[in-house]
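Asker: Listed in order, the protein sequences are those of chains A and B.
Residues 4 to 320 (our numbering) make up the first sequence, in order.
Residues 4 to 320 (our numbering) make up the second sequence, in order.
Once you've had a glance at the structure underneath, I'll fire off some questions.
2 protein chains.
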Amino acid sequence: MTADALKRLAERLEKADNVTILTHARPDGDTTGSGLGLCYFLRSRGIKANVKNSDGFPAMFGYIAGEYKDLDFGEKTVISVDVADPKLLGSPLEEEYAERVDICIDHHKSNKLFAKENFVDGDCCATCLIIFELIKLMGGKITPLIADCLYTGIATDTGCFMYEGTSPAAHRAAAELKEAGCHAAAINRDMFQTKSRGRLLAEQRAIGTMRFSEDGKIAMIAITNAIIDEFSIDRAELDAFAAIPLNVEGVKIGITLKQQADDPGLFKASVRTVSADASKLAARFGGGGHVRAAGCTVKGTLEEAAEQLMSAAKDFV
Amino acid sequence: MTADALKRLAERLEKADNVTILTHARPDGDTTGSGLGLCYFLRSRGIKANVKNSDGFPAMFGYIAGEYKDLDFGEKTVISVDVADPKLLGSPLEEEYAERVDICIDHHKSNKLFAKENFVDGDCCATCLIIFELIKLMGGKITPLIADCLYTGIATDTGCFMYEGTSPAAHRAAAELKEAGCHAAAINRDMFQTKSRGRLLAEQRAIGTMRFSEDGKIAMIAITNAIIDEFSIDRAELDAFAAIPLNVEGVKIGITLKQQADDPGLFKASVRTVSADASKLAARFGGGGHVRAAGCTVKGTLEEAAEQLMSAAKDFV
């Protein structure tokens, strides 16, 4: 964010009171860390603040949300964090707040600019990094708890500093958050290393379905309802499976098929690529997305869906 | 390293010429990055320098070693990097150099201080971080190639900034190396995400052997010779398997059994723990190691070895 925009945001927050902070539904590390980090900071300045989300705080964020309690006050200012579109507030927050967000703080390029005042930096790798810079500009003290909140969002949105967009500023913030007492190693273990037993076994089964073509340049795995049911894993956990085929040495196009719960004759395909345009491949099946990550749906039996996608993918290697 | 020691090292290097830099055998990212990074830097200062190691540069480090060529000169100064003990030079370098290393630069607490002058910082998370600070102190220019060298060692020795010992200084160095043009995302993909097809499938098979006891607090996997042979994977790749059992949610003690190639009735066990003393568990079988990571060997069939270890582990949960 430009220094000027950040300054305006800081001035706006200095005058705010009785703040409700909204995070997006199915909350991840960045929205949760941003919401709680901002809330704890505002409270430390004597500003009443609460965090609301449609789904509650996931158990995995207990180390930052565990001690959180709502305060009782008449709401005056509504701030959304890491919310690109009011639809993402989910129900019931969308109905209640979509039209009346005062301040939007976000890092998604696709942000709908739906608030009265929008502070969006599409080049910043995490909303938590914006909150970090905001707190520093306002001369706030970063307690170990606030440091844990902000580290969580920066680490999760950069894949523990692994992804392309990880900025020098993200590393410098991590350095300061460690000095402020954040529990980085424990957070990293929870976020990146620990898997549920069901997920590990389901991954193992999915990897067992891996097939290759074009000299190993195309790889595909399939997650069937049978696998999902056998290990009773949450379908939300399946998102991470899309990275598996592309991580095999030599693979240029990785495809993950996921059978749909309500229609076993329908498969969602996630396409990941090293250099080919994934969105063009997905577009052949009516889907879309980004250059390196896209998705579509394909009808048929598993064999039919797999065959159609593998065949189309050959044109892209 | 203390500012004073770093200054002495810098002064020593200013006077050095015709330098041979030694890395350890079975070279990893930190020794390779330190050796090549220091070499390219010295050459940029007009100091003749070569890098030697007993095993050659692994193909995976081609992006920093690909253009490297030996210079022809009469050796005057020998420097080892990331070498804790002259034995680790391997053959033939150990025989040739063990007794005549002039300068040792390392970050292992266990360093044997075998050189004429030893610059060891046991609290530093990577030797590449020492080289980074050295180059900065000497006012050197960090080219994109040198940045790739140093980022490689810092990233690999911190598990991409995931491990406990990752210092604020490591993050600040990463920020500067990115600004200097290092290809962090590509390096991370090669180092942390890409797996050979054989390794992925062998992992899948090993995970299929996972057994639990004590309410899921103890988990064990077994890698048999049958698995290793089926997927023709390099036994060096098996080291990483030791982390798998402990990464399952709720597991406090993770054990990985590896059948020995030359004696199918012998199993090497790697013990990893969240809080129990792994070295004490390993000591019951004549082994040893660290508090969170230790190893031992157990004789018998797979079932017998597994039973002995699972049974002993119960005393530690």
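Every residue gets a Cβ at the ideal spot worked out from N, C-alpha and C, and that includes glycine.
Compile a chain-ordered list of the residues in the region 232-257 of chain B whose CB is closer than 9 angstroms to at least one CB of chain A.
Answerer: Residues passing the 9 angstroms Cβ filter: A246, I247, L249, N250, V251, E252, G253, V254.
Asker: What residues in its chain sit with their C-beta under 6 angstroms from that of K255/A, if we drop five residues either side in the sequence?
Answerer: Answer for K255/A: K220, V277, V320, listed in chain order.
Asker: I'd like to know whether the C-beta atoms of V84/A and G38/A end up nearer to each other than 7 angstroms.
Answerer: Going by C-beta atoms, V84/A is nearer than 7 angstroms to G38/A.
Asker: How far does the beta strand (DSSP E) with R37/B in it extend, from its first residue to its last?
Answerer: According to the sequence provided, residue 37/B is Ser. The question's Arg does not apply to it. Premise fails: S37/B lies in the alpha helix (DSSP H), 32-47, not in any beta strand (DSSP E).
Asker: Would you check if there are 3 or more beta carbon pairs closer than 8 angstroms linking the region 51-60 of chain A to the region 23-30 of chain A?
Answerer: Cβ pair count under 8 angstroms is three or more, so yes.
Asker: Counting only beta-carbon separations shorter than 7 angstroms, does P61/A have a partner in chain B?
Answerer: It does not; no Cβ of chain B falls within 7 angstroms.
Asker: By how many angstroms is the C-alpha of P61/A removed from the C-alpha of P30/A?
Answerer: The alpha-carbon atoms of P30/A and P61/A are separated by roughly 7 angstroms.
Asker: Which bits of chain A does Y166/B rub up against, with CB to CB less than 7 angstroms?
Answerer: The answer, in chain order, is A188.
Asker: Exposed or buried, what is F122/A when buried is set at 16 or more other beta-carbons lying within 10 Å of its beta-carbon?
Answerer: F122/A comes out buried.
Asker: Residues of chain A with CB closer than 9 angstroms to the CB of R200/B, please, in chain order.
Answerer: Ordered by position in chain A, the residues that pass the 9 angstroms Cβ test against R200/B are M213, F215, G219, A222, V251, E252, G253, V254.
Asker: Taking Cβ positions only, does Q311/A come closer than 7 angstroms to chain D?
Answerer: Within the model displayed, chain D is absent; protein chains A and B are what it includes.
Asker: Using the DSSP secondary-structure output, state which residues sit across from R275/A in a beta bridge.
Answerer: BP columns for R275/A point to G257/A, A296/A.
Asker: Can you tell me whether D109/B is helix, strand or coil according to DSSP?
Answerer: If DSSP states are grouped into helix, strand and coil, D109/B belongs with the strands.
Asker: By alpha-carbon positions, which one of R275/A, D237/A, A177/A, G289/A ends up nearest to L132/A?
Answerer: Measuring from the Cα of L132/A, the nearest candidate turns out to be A177/A.
Asker: If I measure Cβ to Cβ from V81/A and keep anything under 7 angstroms in the same chain, skipping five residues before and after, which residues do I get?
Answerer: Once the five neighbours on either side are set aside, the close Cβ partners of V81/A are T23, L25, Y100, R103, V104, D105.
Asker: According to DSSP, is D266/A part of a helix, a strand, or is it coil?
Answerer: Here D266/A sits in strand by DSSP.
Asker: Assuming contact is defined by CB atoms lying nearer than 7 angstroms, are I230/A and L241/A in contact in what I supplied?
Answerer: No, they are not a contact pair.
Asker: Is the CB of T23/A under 7 angstroms away from at least one CB in chain B?
Answerer: Output row for T23/A: interface = no.
Asker: Where do the ends of the alpha helix (DSSP H) carrying E307/A lie?
Answerer: Run containing E307/A: 305-316, per the alpha helix (DSSP H) assignment.
Asker: Does the CB of A183/A have a neighbour CB from chain B at under 7 angstroms?
Answerer: False, the Cβ-Cβ gap to chain B never drops below 7 angstroms.
Asker: Going straight from the alpha carbon of P267/A to that of A309/A, what length do you get?
Answerer: Approximately 14 angstroms, taken between the alpha carbons.
Asker: Would you grab the beta carbon distance between F270/B and V294/B for me? Rounded to a whole angstrom, and I think it's under 8 angstroms.
Answerer: With 8 angstroms as the limit, F270/B and V294/B do not qualify as a contact, their Cβ atoms being about 22 angstroms apart.
Asker: Out of A281/B, Y66/B, E120/B, point me to the one whose CA is closest to A13/B's CA.
Answerer: When each option's Cα is compared against that of A13/B, the closest is E120/B.
Asker: Please classify Q262/B as buried or exposed, where buried requires at least 16 neighbouring CB atoms within 10 angstroms.
Answerer: Classification of Q262/B: buried, given that the 10 Å Cβ count is 16 or more.
Asker: Answer yes or no: does any C-beta atom of chain A fall closer than 7 angstroms to that of H174/B?
Answerer: Yes - at least one Cβ of chain A is within 7 angstroms of the one on H174/B.
Asker: Start and end of the beta strand (DSSP E) containing K55/A?
Answerer: Unbroken beta strand (DSSP E) run through K55/A: 52-55.
Asker: Considering S199/B, what are the terminal residues of the beta strand (DSSP E) in which it resides?
Answerer: It is not in any beta strand (DSSP E) - S199/B carries neither H nor E in the DSSP assignment.
Asker: Could you confirm whether any beta carbon from chain A is found closer than 7 angstroms to the beta carbon of C107/B?
Answerer: Cβ-Cβ to chain A under 7 angstroms: no for C107/B.
Asker: With 7 angstroms as the threshold, decide whether the Cβ of T197/A is near any Cβ in chain B.
Answerer: By this cut-off, T197/A is an interface position.
Asker: Closest to L180/B by C-alpha separation, out of E179/A, C185/A, T169/A, would be which residue?
Answerer: Nearest of E179/A, C185/A, T169/A to L180/B, Cα basis: T169/A.
Asker: Between the C-alpha atoms of E252/B and F215/B, what's the straight-line distance to the nearest angstrom?
Answerer: Rounded to whole angstroms, E252/B to F215/B spans 12 angstroms at the Cα level.
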